[in-house]
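Worksheet: the structure to be examined is printed underneath.
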Amino acid sequence: MKTSDVIVIGGGLAGLMAASVAASRKQKVTVLTYGSGSLPLASGAIDFGSLENLPAHHPYKKIGLKACDEAAKFFYEVTEQANLPYVGKLSALLPIVTAVGTLKYSALVPESMNASNLANKKKFFIVGINGLKDFYASMLANNLKKYFPNKTFEIAKIDLHLLGGRDITCMDAAQLLTDNEQPFANELKALKASKDDAIIIPPILGVAGDFSRDVVQTQIRAQIIETTCLPPSPPGIRLQRAFMKYLQASGVRFFENSKVVRGITDGKKVTGVIVENAVREKIFPARKIILATGGFYSGGLTMRDFDQPREPIFDLPVFFPTGAENWSNMQLFSDKPQGFSTTGILTNDKLNPIDADGNVLFDNLHVVGANLGGCDKIFERSAGGIAIASAYKGATL
Ligand SMILES: Cc1cc2nc3c(=O)[nH]c(=O)nc-3n(C[C@H](O)[C@H](O)[C@H](O)COP(=O)(O)OP(=O)(O)OC[C@H]3O[C@@H](n4cnc5c(N)ncnc54)[C@H](O)[C@@H]3O)c2cc1C
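Per numbering that gives the first Met the number 0, residue 0 is the first one in the sequence shown, and the count goes up by one each step.
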């Protein structure tokens with residue numbers, strides 16, 4: 000097996016971003032992953048959280064503001080090339096409408112979900128699809144009315160003729176609409192909306208940046224806004240496909256169903272990794288490794304006993320808050336972070352893993368994404384931002 004310049008372990012948002020950045024710099028990149036990570040579950044919006052007043056051990060302190068800005072620019076390049084326009088910047092958040100009708104603010108938002116213009120609209124049509132489960136138009140309308148009490152709301156349903164004896168998901172509808180705007184436009188025309196109105200729909204406008212919202216909007220005149228949805232989430236899948244397209248065009252070798260089980264090390268260098276498949280183990284040599292294996296959800300971290308988390312490939316030390324009183328808050332949705340959610344690998348400024356005394360363990364291994372410790376990414380709403388910014392930095396070092 001040829002030596003790669005960079006091996007990325009993990010095919011979630013952080014791994015896809017790191018591989019894309021490294022490939023854009025003419026590196027020979029190999030991605031090894033055994034699952035798709037959390038993108039198919041995610042909203043598609045990239046939350047950055049706050050970049051200010053952070054403690055020294057916070058991942059953003061290691062990543063730096065410059066890498067955050069450059070990561071956002073690179074992210075725009077990838078999504079634009081895939082015809083998946085995003086809007087927003089790190090310093091000013093944009094609202095998106097959630098599946099239950101609350102507003103969530105995020106930094107980088109799919110253009111089709113950008114709800115910042117809602118205040119200028121007169122009437123909101125909340126439009127469900129016949130047979131679509133998990134889209135509750137009246138609940139959504141009731142909650143959205145709390146933000147916009149003076150607007151007129153109308154609830155409607157359209158039929159995409161998808162019912163085949165089972166409930167349909169947003170993915171089913173999105174697949175039907177891929178490259179196929181007209182049936183949808185015809186259904187919406189019946190609403191007789193005007194250019195001053197907004198049509199709020201579940202996220203069904205294609206699965207890979209190949210549905211033209213403009214084609215439909217020109218015909219019906221109203222603005223169409225997608226909400227978030229329960230998984231599987233078309234906007235998350237569109238983003239995953241945008242990165243895959245970029246990787247394919249860049250000649251990156253991408254191995255699915257490839258579980259990395261161990262690293263091969265020589266002092267402070269990792270010289271390769273071992274992948275286990277059904278038949279045998281295979282060695283992948285590399286000059287640099289990017290560890291983007293995610294957190295507990297994806298198996299990047301494991302924990303058999305509650306206070307003894309592990310990183311299973313390189314056996315890196317994993318930070319976990321000491322003292323049972325610091326593990327969690329009694330209230331899950333309190334105004335403080337949850338201690339257990341800060342679990343992860345700590346690094347130096349080059350994202351190399353460090354031990355409890357701050358010693359670098361491997362100087363050509365960079366840790367990126369959800370397996371980084373030191374902050375509660377869900378509480379801070381920084382998961383996507385940390386994923387793309389750490390990936391950018393790890394790939395450019
Ligand atoms: C339901 C849900 C909703 C979310 N919504 C948002 C949102 O609205 N905004 C936002 O910013 N973020 C959101 N996130 C978070 C965001 O999607 C993740 O934090 C981010 O994608 C982390 O990416 P990651 O690549 O670090 O990890 P993951 O996505 O977990 O990917 C890790 C990858 O590593 C692979 N892997 C693990 N171990 C190995 C191994 N040994 N060998 C090979 N491969 C391995 C896994 O199979 C997986 O592909 C959401 C997450 C979830 C779960």
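Built from N, CA and C at the ideal position, the CB exists for glycine as well.
Just so you know, these numbers come straight off a predicted model, no measurement behind them.
heavy atom of ligand 1 below 8 Å from residue i C-beta
i      : result
Ser49  : no
Lys103 : yes
Thr32  : yes
Lys376 : yes
Thr227 : yes
Gly373 : no
Gly235 : yes
Arg252 : no
Ser111 : no
Leu40  : yes
Ile263 : no
Gly384 : yes
Lys188 : no
Arg309 : no
Asn276 : no
Pro201 : no
Val259 : yes
Val367 : yes
Tyr391 : no
Ser340 : no
Ile219 : no
Asn328 : no
Limits of the alpha helix (DSSP H) - the one that residue i falls within
i      : result
Arg237 : 233-248
Ala66  : 64-80
Phe378 : 376-379
Gly383 : 382-395
Thr168 : Premise fails: Thr168 is in no alpha helix (DSSP H) and is neither H nor E.
Asp4   : Element bounds for Asp4: not the alpha helix (DSSP H) but the beta strand (DSSP E), 3-8.
Thr217 : 212-219
Lys132 : Premise fails: Lys132 is in no alpha helix (DSSP H) and is neither H nor E.
Phe183 : 181-188
Val20  : 12-23
C-beta neighbour in chain C for residue i, strict 9 Å
i      : result
Phe210 : You won't find chain C in this structure, because it holds only one protein chain.
Buried versus exposed call for residue i [16 or more other C-beta atoms within 10 Å across all chains shown]
i      : result
Val237 : It should be noted that the sequence gives Arg, not Val, for residue 237. When all chains shown are included, Arg237 counts as buried.
Met112 : buried
Asn351 : buried
Ile385 : buried
Gly250 : exposed
Ser105 : buried
Pro96  : Contrary to the premise, residue 96 reads as Val rather than Pro in this sequence. The residue is buried, with at least 16 neighbouring Cβ atoms inside 10 Å.
Asp171 : buried
Leu162 : exposed
Ser19  : buried
Phe74  : buried
Pro54  : exposed
Lys376 : buried
Segment limits, beta strand (DSSP E) that includes residue i
i      : result
Tyr225 : According to the sequence shown, residue 225 is Glu rather than Tyr. Counting along the chain, the beta strand (DSSP E) containing Glu225 begins and ends at 222-225.
Gly127 : 122-128
Asp265 : 258-265
Val197 : In the sequence as displayed, the identity of residue 197 is Ala instead of Val. Here the beta strand (DSSP E) through Ala197 covers 196-200.
Ile95  : 93-96
Pro284 : 280-290
Tyr104 : 102-105
Glu275 : 268-275
Anticipated Cβ contact below 8 Å, residue i with residue j, distance rounded
i      : j      : result
Pro109 : Lys103 : Contact doesn't hold; Cβ gap of about 13 Å is too wide.
Ala173 : Phe134 : Going by Cβ atoms, the distance from Ala173 to Phe134 rounds to 13 Å, so no, they are not a contact pair.
Phe319 : Thr342 : 5 Å
Leu364 : Ile344 : At roughly 10 Å, the Cβ-Cβ gap does not stay under 8 Å, so Leu364 and Ile344 are not in contact.
Three or more C-beta pairs below 8 Å linking the stretch 271-282 and the stretch 329-336: The stretch 271-282 and the stretch 329-336 do not touch, with fewer than 3 CB-CB distances between them shorter than 8 Å.
Quick check: the stretch 199-213 against the stretch 224-241, are there 3 or more CB pairs under 8 Å? Yes, the stretch 199-213 is in contact with the stretch 224-241.
Taking contact to mean 3 or more Cβ pairs, one atom from each stretch, closer than 8 Å, check whether the stretch 253-270 and the stretch 309-316 are in contact. These segments touch.
Touching or not, the stretch 319-333 and the stretch 40-53, by the rule of three or more beta carbon pairs under 8 Å? Output reads no: the stretch 40-53 does not touch the stretch 319-333.
Is there contact here, the stretch 121-131 with the stretch 146-158, by at least three beta-carbon pairs under 8 Å? With the cut-off at 8 Å, the stretch 121-131 and the stretch 146-158 touch.
Would you call the stretch 239-249 and the stretch 5-17 touching, i.e. three or more CB-CB distances under 8 Å? Verdict: yes, contact present.
Does the stretch 30-38 come within contact of the stretch 341-357, defined as at least 3 CB pairs closer than 8 Å? Verdict: no, contact absent.
Can you find at least 3 beta carbon pairs, one from the stretch 368-375 and one from the stretch 295-303, that sit closer than 8 Å? Output reads yes: the stretch 295-303 touches the stretch 368-375.
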